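> Please see the structure below; I have some questions.
Number of protein chains: 2
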Amino acid sequence: MTEPLFDRIAIVGLGLIGSSIARGVKARGLARRVAGYDVSPEVRARASALGFCDEVAETPQAAVTQASLVVLAVPVGATAAAVKALAPHLARGSILTEVGSVKAAVIRQVLAELPEHAVFVPGHPIAGTEHSGPDAGFAELFEGRWCILTPCERSSEEAVAKVTALWRGLGSAVEIMTPEHHDIVLAITSHIPHLIAFNIVGTAADVEEVTQSEVIKFSAGGFRDFTRIAASDPVMWRDVFLNNKEAVLEMLGRFSEDLAALQRMIRWDDGEALLELFTRTRAIRRGIIDAGQDTQAADFGRPHGHED
Amino acid sequence: MTEPLFDRIAIVGLGLIGSSIARGVKARGLARRVAGYDVSPEVRARASALGFCDEVAETPQAAVTQASLVVLAVPVGATAAAVKALAPHLARGSILTEVGSVKAAVIRQVLAELPEHAVFVPGHPIAGTEHSGPDAGFAELFEGRWCILTPCERSSEEAVAKVTALWRGLGSAVEIMTPEHHDIVLAITSHIPHLIAFNIVGTAADVEEVTQSEVIKFSAGGFRDFTRIAASDPVMWRDVFLNNKEAVLEMLGRFSEDLAALQRMIRWDDGEALLELFTRTRAIRRGIIDAGQDTQAADFGRPHGHED
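Note that the protein sequences, when read in sequence, are chains L and R.
FYI, in the numbering used here the residues of the first sequence are 1 to 308.
FYI, in the numbering used here the residues of the second sequence are 1001 to 1308.
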């Protein structure tokens, strides 16, 4: 049998991501012991009942004491408060890591509280579903996914190697980049798509000529895919947009400019320009399928109907 | 055994939709004989090889002569030319129907050519995939989907009833509405979502700080769902936008206004307003799942990872 990577892992925040890490770590035997904590008494009670941790602690202190790895898995906006609560109790030589969708802002908040005797490895698993809470997690969530690590001035090489081993153990591939680059890449691949999805679902709800029931009935025409994205955790996404404001506003500006150009093509019947754009976007899709990033097509064979 | 609904059906246009209708009609025994025609010699040859029609005709005339039902399944922009070619050969008392994603513009084009002795039932099955061509079709494409019929001045009650029976036979539920209402409903549930998906995939391809390979690698963060939509048939979609220009520009205007408001919320740190919007969009998603319009969740149980 291989040695577990860690003696004791503490997971702070037991929602979709935190509870999936706990389940994955147990399923793969990556730690001798997994302790969990959540600020919500209801979530703690539910986590105890579900039993995906060896113990659910009643305080952050009780969870992180003696842990060689602490994983912070809370909404980005709750980072500062969570770090303040647990930082004084971090064990000597322990590693703190987290899973926030924004890196530069989170790193600033963590470094303000991190004690001298601990190190910090910022991370971001590119995985999730539109569901949230401790019931939504599952051990396989990170399999075949990417996890980005963005080392900072308080990351030791050894700690980065250990956190890399954790994510590989959970089935992910690991990529290293700077926090600033991460925030730009994710703004365009994740934050703007979510923003647009939230926006169109809101717009559709307000069209007075079309009933809500019609929107729902005929959603297979394309709208449905947006509603899945727009069903993602509201608190998490509020925090993402407010904490990656600069990159989000920059990319949103580009999106809006391009949309204005597209609107102009339609108004002026420029079929050739439309065809050129749509042909280009189809080729990008092909690249994603070739890269194996569409598990749905891979897992289920037949594409699900979505178009019109 | 039940009697087939039609003696002879002719299908003009043998792409994803036309070939799926042919396959479904054969599988369900809805007609004694299915004849097919496509303007492309390559598609005709492929359709012959695939064998989903009883005969693949070499001219529109040969396909539609003696057919009691003619189904036009070509891109919206090809409607006028196709109707011109087949109209003189429509059998006395025959029904012409079609499947275009836009109704008012298509009806104008068909009525300009329709002979006195035939009737016309405009229709639109809300089903499809991002794939196109005769190989992409399958008999079950319309099962559990909606088909909208938009009767016009040249639709007899009897013809509407027969076309309704066809779609029910293919497994769809049928809804009747006016062409104008259809064009508004579909603008918001289908045309604008596609337009936005095409747009963001184009924007992402142009961000110079982010490589194409990064966009593809980290697409699981939300972008991937857009690329599937943005991979839809370029010709079909060019035609949809140009033929439903008025409703598309109107809905696009609303979308852009809402997006500007959302942008402002982010710039001014209005977390409360963001949270309110995201909570509202999550509830709409719930409505779609309850209405059974998310076959993916229904068929496959576990949601596929998409979020961040």
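Virtual Cβ for every residue (Gly too), placed ideally from N, Cα, C.
Computed from a prediction, not measured in an experiment: that's the story for all the values here.
In the DSSP output, what is residue 1146 of chain R paired with across the bridge?
In the second sequence, residue 1146 of chain R corresponds to position 146, counting from 1. Answer by DSSP bridge pairing, in chain order: R:1173.
> Give the list of continuous beta strand (DSSP E) stretches no shorter than 3 residues that lie fully inside the region 1087 to 1166 of chain R.
1095 to 1098, 1119 to 1125, 1146 to 1149
> Residues of chain R with CB closer than 7 Å to the CB of residue 198 of chain L, please, in chain order.
Working through the first sequence from its first residue, we reach residue 198 of chain L at position 198. Near residue 198 of chain L (Cβ distances below 7 Å), the residues of chain R are 1277, 1278, 1281.
> Return the first residue and the last residue of the alpha helix (DSSP H) that residue 273 of chain L is part of.
The residue you call residue 273 of chain L lines up with position 273 of the first sequence. Its alpha helix (DSSP H) spans residues 271 to 290.
> Report the residues of the region 91 to 107 of chain L with a CB closer than 8 Å to any CB of chain R, ordered along the chain.
Taking 8 Å as the Cβ-Cβ cut-off against chain R, the residues of the region 91 to 107 of chain L that qualify are 101.
> Can the beta-carbon of residue 1231 of chain R be found less than 9 Å from the beta-carbon of residue 1130 of chain R?
Position 231 of the second sequence, counted from the first residue, corresponds to residue 1231 of chain R. Position 130 of the second sequence, counted from the first residue, corresponds to residue 1130 of chain R. It is a contact, given that the beta carbons lie within the stated cut-off.
> When DSSP labels each residue in this structure, what does residue 1308 of chain R get in the three-state scheme?
The count along the second sequence starts at 1 and reaches residue 1308 of chain R at position 308. Its pLDDT being 44, under 50, residue 1308 of chain R is placed unreliably in this model, and the value from its coordinates should be taken loosely. Residue 1308 of chain R falls in the coil class under three-state DSSP.
> According to DSSP, simplified to helix, strand and coil, what is residue 1218 of chain R?
Mapped onto the second sequence, residue 1218 of chain R falls at position 218. In the structure shown, residue 1218 of chain R sits in coil (DSSP, three-state: anything other than H, G, I, E or B).
> When the Cα atoms are used, what is the spatial distance from residue 1055 of chain R to residue 1025 of chain R?
Locating residue 1055 of chain R in the second sequence gives position 55, where the first residue counts as 1. Locating residue 1025 of chain R in the second sequence gives position 25, where the first residue counts as 1. When rounded, the distance between both Cα atoms is 14 Å.
> Please list the terminal residues of the continuous beta strand (DSSP E) segment that includes residue 70 of chain L.
Walking along the first sequence from the start, residue 70 of chain L turns up at place 70. It spans 69 to 72 - the beta strand (DSSP E) in which residue 70 of chain L sits, taken as one unbroken run.
> Have a look at the DSSP bridge pairing and note the partners of residue 1035 of chain R.
To locate residue 1035 of chain R, count along the second sequence from 1; it is residue 35. Looking at the DSSP assignment, residue 1035 of chain R forms a beta bridge with R:1010, R:1055.
> According to the Cβ coordinates, are residue 226 of chain L and residue 188 of chain L closer than 9 Å?
Here residue 226 of chain L is taken as the residue at index 226 of the first sequence, counted from 1. Here residue 188 of chain L is taken as the residue at index 188 of the first sequence, counted from 1. No, the Cβ-Cβ distance between residue 226 of chain L and residue 188 of chain L is not below 9 Å.
> Does any residue of chain R have a CB that is nearer than 9 Å to the CB of residue 162 of chain L?
Here residue 162 of chain L refers to the residue found at position 162 of the first sequence. Taking Cβ atoms only, chain R never reaches closer than 9 Å to residue 162 of chain L, which makes this a no.
> For the region 119 to 135 of chain L, enumerate the residues whose C-beta is nearer than 7 Å to any C-beta of chain R, in chain order.
Only 126, 127, 128, 129, 130, 131 from the region 119 to 135 of chain L bring a Cβ to less than 7 Å from some Cβ of chain R.
> Taking the beta carbon of residue 1167 of chain R as the centre, do at least 16 other beta carbons fall within 10 Å, making it buried, or is it exposed?
Counting from one through the second sequence, the residue named residue 1167 of chain R turns up at place 167. Looking at its Cβ environment, which holds 16 or more other Cβ atoms inside 10 Å, residue 1167 of chain R is buried.
> DSSP state of residue 1237 of chain R, grouped into three classes?
Looking up residue 1237 of chain R in the second sequence gives position 237. Correct three-state label for residue 1237 of chain R: helix.
> Comparing alpha-carbon positions, which option in L:181, L:174, L:62 lies nearest residue 35 of chain L?
As a position in the first sequence, residue 35 of chain L is number 35, starting the count at 1. Residue L:62 is the option with its Cα nearest to residue 35 of chain L.
> Kindly indicate if chain L contains any beta-carbon less than 9 Å away from that of residue 1222 of chain R.
Taking the second sequence and counting its residues from 1, the one referred to as residue 1222 of chain R is at position 222. Closer than 9 Å to some Cβ of chain L, the Cβ of residue 1222 of chain R qualifies, so yes.
> Is the number of C-beta pairs between the region 1217 to 1226 of chain R and the region 1275 to 1290 of chain R that are closer than 8 Å three or more?
no
> Beta carbons nearer than 8 Å to chain R: which residues of the region 169 to 185 of chain L have them?
175, 181, 184, 185
> Can you pull the chain R residues whose beta carbon is under 7 Å from the beta carbon of residue 284 of chain L, in chain order?
Along the first sequence, one-based indexing puts residue 284 of chain L at 284. Under the 7 Å cutoff, chain R gives 1201, 1205, 1227.
> Quick one: which residues of the region 17 to 50 of chain L get their C-beta closer than 7 Å to a C-beta of chain R? List them in chain order.
none
> Starting from residue 1234 of chain R, find everything on chain L with Cβ-Cβ shorter than 7 Å and list it in chain order.
Position 234 of the second sequence holds residue 1234 of chain R. Under the 7 Å cutoff, chain L gives 275, 278, 279, 282.
> Assuming the contact rule is C-beta atoms closer than 8 Å, residue 218 of chain L and residue 1185 of chain R should be a hit. Round their C-beta distance to whole Å, please.
Stepping through the first sequence from its first residue, residue 218 of chain L is reached at position 218. Stepping through the second sequence from its first residue, residue 1185 of chain R is reached at position 185. Yes, they are in contact, since the Cβ atoms of residue 218 of chain L and residue 1185 of chain R sit about 6 Å apart, within 8 Å.
> Give, in chain order, every residue of the region 1048 to 1082 of chain R whose Cβ lies closer than 7 Å to some Cβ of chain C.
Checking the listed chains, one finds no chain C in this structure; the protein chains it contains are L and R.
> Where do the N-terminal and C-terminal ends of the alpha helix (DSSP H) with residue 1258 of chain R fall, by residue?
For the purposes of this step, residue 1258 of chain R is taken as residue 258 along the second sequence, with counting starting at 1. First-last of the alpha helix (DSSP H) with residue 1258 of chain R: 1245 to 1267.
> Would you check if the region 1062 to 1077 of chain R and the region 1005 to 1023 of chain R touch, i.e. whether three or more CB-CB distances between them fall below 8 Å?
yes
> Is the region 29 to 44 of chain L touching the region 100 to 119 of chain L, taking contact as three or more C-beta pairs under 8 Å?
No, because fewer than three Cβ pairs between the region 29 to 44 of chain L and the region 100 to 119 of chain L fall closer than 8 Å, the two stretches do not touch.
> Please name the residue, chosen from R:1137, R:1099, R:1170, R:1266, that lies closest to residue 1150 of chain R on a Cα-to-Cα basis.
Numbered from its first residue, the second sequence carries residue 1150 of chain R at position 150. For residue 1150 of chain R, the nearest C-alpha among the options comes from R:1099.
> I'd like to check one pair, residue 119 of chain L with residue 95 of chain L: are the Cβ atoms closer than 9 Å?
Here the question's residue 95 of chain L lines up with position 95 in the first sequence. Here the question's residue 119 of chain L lines up with position 119 in the first sequence. Taking 9 Å as the Cβ cut-off, residue 95 of chain L and residue 119 of chain L qualify as a contacting pair.
> Suppose you measure from the CA of residue 1297 of chain R to the CA of residue 136 of chain L; what does that come to, to the nearest Å?
Residue 1297 of chain R sits at position 297 when you count from the first residue of the second sequence. Residue 136 of chain L sits at position 136 when you count from the first residue of the first sequence. Because the pLDDT at residue 1297 of chain R is just 35, under 50, the model does not fix this residue reliably, and the value given afterwards should be weighed accordingly. Approximately 14 Å, taken between the alpha carbons.
> Leaving out five residues before and five after residue 153 of chain L in sequence, what residues of the same chain have Cβ atoms less than 8 Å from its Cβ?
One-based indexing of the first sequence puts residue 153 of chain L at position 153. For residue 153 of chain L, where only same-chain residues beyond five positions count, the Cβ hits under 8 Å are 111.
> So residue 206 of chain L and residue 247 of chain L are supposed to be a Cβ contact under 8 Å. How far apart are they, rounded?
Here residue 206 of chain L corresponds to residue number 206 of the first sequence, with the count starting at 1. Here residue 247 of chain L corresponds to residue number 247 of the first sequence, with the count starting at 1. The beta carbons of residue 206 of chain L and residue 247 of chain L sit about 28 Å from each other, so the pair does not count as a contact at 8 Å.
> Residue 1141 of chain R: which of R:1258, R:1019, R:1273 sits nearest, CA to CA?
By one-based count along the second sequence, residue 1141 of chain R stands at place 141. Nearest C-alpha to residue 1141 of chain R: R:1019.
> For residue 155 of chain L, return the contacting residues in chain R, with the cut-off set at a CB-CB distance below 9 Å.
Position 155 of the first sequence holds residue 155 of chain L. Those do not exist, as residue 155 of chain L stays about 21 Å from chain R at its closest Cβ, beyond 9 Å.
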